[in-house]
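These notes concern the structure reproduced below.
Residue numbers (my numbering): 8 to 190.
Dropping the structure here:
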């Protein structure tokens, strides 16, 4: 049985949480094409940037014309949640997976940008990102977020979203959600 839940994100975004926890927030696109984007949501201090959330975004399809302006800003490097929020869209997350997954040492990019050693169990959140405005809902992307252990763990995710969700699709490895390392 697959369990899914939907939550309205309200006004608190992942970027808001990172800024509140670490004093600042930035977005760096690690790589992107028309169907997929890999992003570092990071904080910075005197020693450099530390990725707090490694996000893999799989766009659902050709963007709906209702969100063309927002999508263009996102393609140009904008934060997904902030871009939609500033444009007046309500954000909904339909959860697919909330829990922890072991990130193997072969995911060197994650280790490098998070400045951690692998393998390690890291909090992982997979969801459909949908937006609503004027009685219209648009499915935008499937997003996989892998969180730095000093930022969020599975218990913190449960506190935010109220549950831990595992699906029965036999996806039990990180590569089942985001592909092989550095793709």
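Built from N, CA and C at the ideal position, the CB exists for glycine as well. These figures come from a predicted structure and were not determined experimentally.
At what residue ranges does the segment 75-137 contain a whole run of the beta strand (DSSP E), taking only runs of 3 or more?
97-110
Using only the alpha-carbon positions, how far apart do residue 43 and residue 64 sit?
Computed Cα separation, rounded: 5 Å.
For residue 41, which of helix, strand or coil comes out of DSSP?
coil
Just mark residue 88 as buried or exposed, buried being the case when its beta carbon has 16 or more other beta carbons within 10 Å.
When all chains shown are included, residue 88 counts as buried.
Taking C-alpha atoms, which residue in 102, 119, 138 lies nearest to residue 90?
138
Where residue 166 sits in the DSSP three-state scheme:
helix
Tell me which residues share the same chain as residue 113 and place their Cβ nearer than 6 Å to its Cβ, disregarding the 5 neighbours each side in the sequence.
So the qualifying residues of the chain are 188.
Hey, is residue 169 close to the ligand SAH, as in C-beta under 8 Å from one of its heavy atoms?
Inclusion of the ligand SAH in the displayed structure is not the case, the ligand content being empty and no account of it being possible.
Return the CA-CA distance between residue 92 and residue 98, expressed in angstroms with no decimal places.
7 Å
Inter-stretch contact (C-beta, 8 Å, three-pair minimum) for the segment 58-77 and the segment 133-152:
yes
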